[in-house]
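Working notes, structure below.
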Amino acid sequence: MFRDAWLIAKKDIRIELSSKVIFAQVLPFSLLFVVLAGMVVTTDFVTKGAESRNVLEQVAPAVFWIIATFAAIMALGRSQAVESSNGNLDALRMAGLDPAGIFLGKAAAVFIQLLALELIVGFAAFTLYGVPLASVGLLAATVLATTLAVASSGMVYAAVAAGTTTRETFVPLLILPVLLPVLLAATRATESALFGVSGGWNWSAALFLFSLLYVGIGMLTFDVLMEES
Amino acid sequence: MSSQDSTNDKTDVVELQNAVALINRFPALSGVDLRFEAGEICHLCGPNGAGKTTLLRLLAGLLPLHSGSATVFGYDTSSRFDRRHLRRVAGLLAHESFLYDELSVEENLQFWAKAHRGDYRTGRNILKSVGIGSRLASVPVRGLSAGQKRKVSLAIFVCRRPRLWLLDEPHASLDEKGRDFVDKLLLRAVEFGSTVVFASHNHERSSAIATKTISLVGGQVHEEAEQETAIKEVKDVS
Chain R
46 MFRDAWLIAK KDIRIELSSK VIFAQVLPFS LLFVVLAGMV VTTDFVTKGA
96 ESRNVLEQVA PAVFWIIATF AAIMALGRSQ AVESSNGNLD ALRMAGLDPA
146 GIFLGKAAAV FIQLLALELI VGFAAFTLYG VPLASVGLLA ATVLATTLAV
196 ASSGMVYAAV AAGTTTRETF VPLLILPVLL PVLLAATRAT ESALFGVSGG
246 WNWSAALFLF SLLYVGIGML TFDVLMEES
Chain U
42 MSSQDSTNDK TDVVELQNAV ALINRFPALS GVDLRFEAGE ICHLCGPNGA
92 GKTTLLRLLA GLLPLHSGSA TVFGYDTSSR FDRRHLRRVA GLLAHESFLY
142 DELSVEENLQ FWAKAHRGDY RTGRNILKSV GIGSRLASVP VRGLSAGQKR
192 KVSLAIFVCR RPRLWLLDEP HASLDEKGRD FVDKLLLRAV EFGSTVVFAS
242 HNHERSSAIA TKTISLVGGQ VHEEAEQETA IKEVKDVS
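Read top to bottom, the protein sequences are chains R and U. Just so you know, we're using the numbering used here here: the first sequence kicks off at 46 and counts up by one. Just so you know, we're using the numbering used here here: the second sequence kicks off at 42 and counts up by one.
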């Protein structure tokens, strides 16, 4: 299983390095969103003087995770698209690879791509918005747990949508409601990490549990999902 | 006979009785009776939509049987468990290339050889034989012509050394030399104990190598004909 996972993850990363869809298209889109959000929020509160900056700080975690979620949807769609084209999903089935290994490999590749993207976008957003940083450890744990939760749950629902003819629009419809609790927990945990509010580790632990749950669900169900797609 | 490896059984590689397979609830195969023996080269012909591709996908274990019975090497194609095992001994060269456009020829070959637990060197040799040498190895697949893609797919297909060769229009997009090469490969596969089933609209070329021709119409077997001496004749020519 781990051999197959490594093979698939390496292949997906290689495809991204070759096509640069995430870093040449999704990353600029995300950075543009960071700038736009900063401009819109600042303009809304410009009459209140220094307070506008505080509002921007306050919404920074939510803005960051909303951007990360949109980037994740694009990365998941892309991950599914490379298998849908040229009948590659059938080829993977014919290869007799362990479906749990395929799930782990594809989720791992999305996890790595998102993590790299979030580091750049997070650095840009929190620097631009001028937010403080109270706990580096909590922020790192939150980013890791949230990214794992998004990659694992997203991969399960992307596979569910793979068999439909409208998967491009169906994937966000399926994933966004599922990711709502993840977004809430990630935003609360990030607020704690940035502003020193208590309770952040509890949110982070909940995110880890959520991601472990979906890793388990994905490993158990990917066989059926691949057969049905 | 579920889940039993009966690959040594020379008489029953494929056995279909009143087999029905659905594509989006439509019976693309509606009551097919067939029997392929080990070492045969079976040519599937028929008009578009006759069920040739569906039959190949059923035999590959990619499509579940809806009703009737269909066993390949003793694996029951109605069982998900059996289909997974079947896919390890059957190989499918489909209409689609089964290639990643963003990866180079070499990267595709390396990935699929590992995924299939196939022989990378065999694939490399096939590529050289069909003119995809080191000059094209680093070219992304998206930059290849349809014929070149077909040759790469063929090399990957052969490197996994399937016991049952299933090929959907294997001559499509290939030049004359490439088509001859495919025919020789099919004959060589049979020499090494594999069974070949292929769909083709190229009747002249196909009937020269096939030991059996099956005509499908409307998801049913319309006609079945044996050609005992075909393999020998082509060997003499080549």
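No residue lacks a Cβ here, since even glycine has one placed at the ideal position from N, Cα and C.
Taken atom to atom, the span from the alpha-carbon of F77 (chain U) to that of C83 (chain U) is near 8 Å. Taking 7 Å as the cut-off, the beta carbon of L70 (chain U) is found no closer than this to the beta carbon of L133 (chain U). Within the segment 140 to 152 of chain U, the residues whose Cβ lies closer than 9 Å to some Cβ of chain R are L140, Y141, D142, E143, L144, S145, E148 and F152, listed in chain order. Within the segment 48 to 129 of chain U, the runs of beta strand (DSSP E) that reach at least 3 residues and sit entirely inside it are, in chain order, 55 to 64, 67 to 77, 82 to 86 and 108 to 113. In the structure shown, the three-state DSSP call for S237 (chain R) is helix. Around A117 (chain R), the same chain offers L159, V195 and G199 as residues with beta carbons nearer than 7 Å, after the five sequence neighbours per side are excluded.
By DSSP's assignment, E264 (chain U) forms a beta bridge with U:S256.
Where L160 (chain R) is concerned, the enclosing alpha helix (DSSP H) starts and stops at P144 to L173.
Assigned with DSSP and collapsed to three states, S145 (chain U) falls in strand. Annotation for F267 (chain R): the continuous alpha helix (DSSP H) segment containing it runs G245 to E273. A206 (chain R) is outside the set of residues whose beta carbon lies under 7 Å from a beta carbon in chain U. Per DSSP, D57 (chain R) is one residue of the alpha helix (DSSP H) stretching across F47 to S64. For the segment 180 to 197 of chain U, residues whose beta-carbon sits nearer than 8 Å to a beta-carbon of chain R comprise P181. Looking at the DSSP output, D209 (chain U) shares a beta bridge with U:A240. DSSP places L133 (chain U) in the uninterrupted beta strand (DSSP E) bounded by A131 to L134. Counting along the chain, the unbroken alpha helix (DSSP H) around V201 (chain R) starts and ends at V181 to A207.
Rounded to the nearest angstrom, the gap between the Cα atoms of L252 (chain R) and V260 (chain R) is 12 Å. According to the DSSP assignment, D160 (chain U) belongs to no alpha helix (DSSP H), since it is labelled neither H nor E. The beta-carbon of R246 (chain U) is placed no less than 7 Å from the nearest beta-carbon of chain R. Chain order gives no chain R residues near K93 (chain U), where near means a beta carbon separation below 7 Å; the closest approach is about 16 Å.
Listed by position along chain U, the residues whose Cβ is nearer than 7 Å to that of R138 (chain R) are L103 and R128.
According to DSSP, residue pairing for P181 (chain U) in a beta bridge involves U:S145. The DSSP-derived three-state label of G83 (chain R) is helix.
Listed along chain R are A140, each with a C-beta nearer than 7 Å to that of H157 (chain U). In this structure the segment 175 to 195 of chain R lies against the segment 215 to 227 of chain R, because at least three pairs of beta carbons, one per stretch, are closer than 8 Å. Comparing C-alpha distances from D268 (chain R) to each of R:Q70, R:S64 and R:P144 shows the shortest one belongs to R:P144. For Q189 (chain U), the enclosing alpha helix (DSSP H) covers residues A187 to C200. Chain order gives the chain R residues near E137 (chain U) as S130, N131, G132, N133, D135 and A136, where near means a beta carbon separation below 9 Å. Taking C-alpha positions only, M46 (chain R) is separated from G146 (chain R) by approximately 5 Å.
Listed along chain R is no residue with a C-beta nearer than 9 Å to that of R204 (chain U); the closest approach is about 13 Å. For L101 (chain R) and H107 (chain U), the gap between their C-alpha atoms comes out near 59 Å.
For F222 (chain U), the enclosing alpha helix (DSSP H) has its first and last residue at E217 to E232. Chain order gives the chain U residues near V127 (chain R) as Y141, D142 and E143, where near means a beta carbon separation below 9 Å.
Of the residues assessed, N89 (chain U) falls on the exposed side of the cut-off, its CB having fewer than 16 other CB atoms within 10 angstroms.
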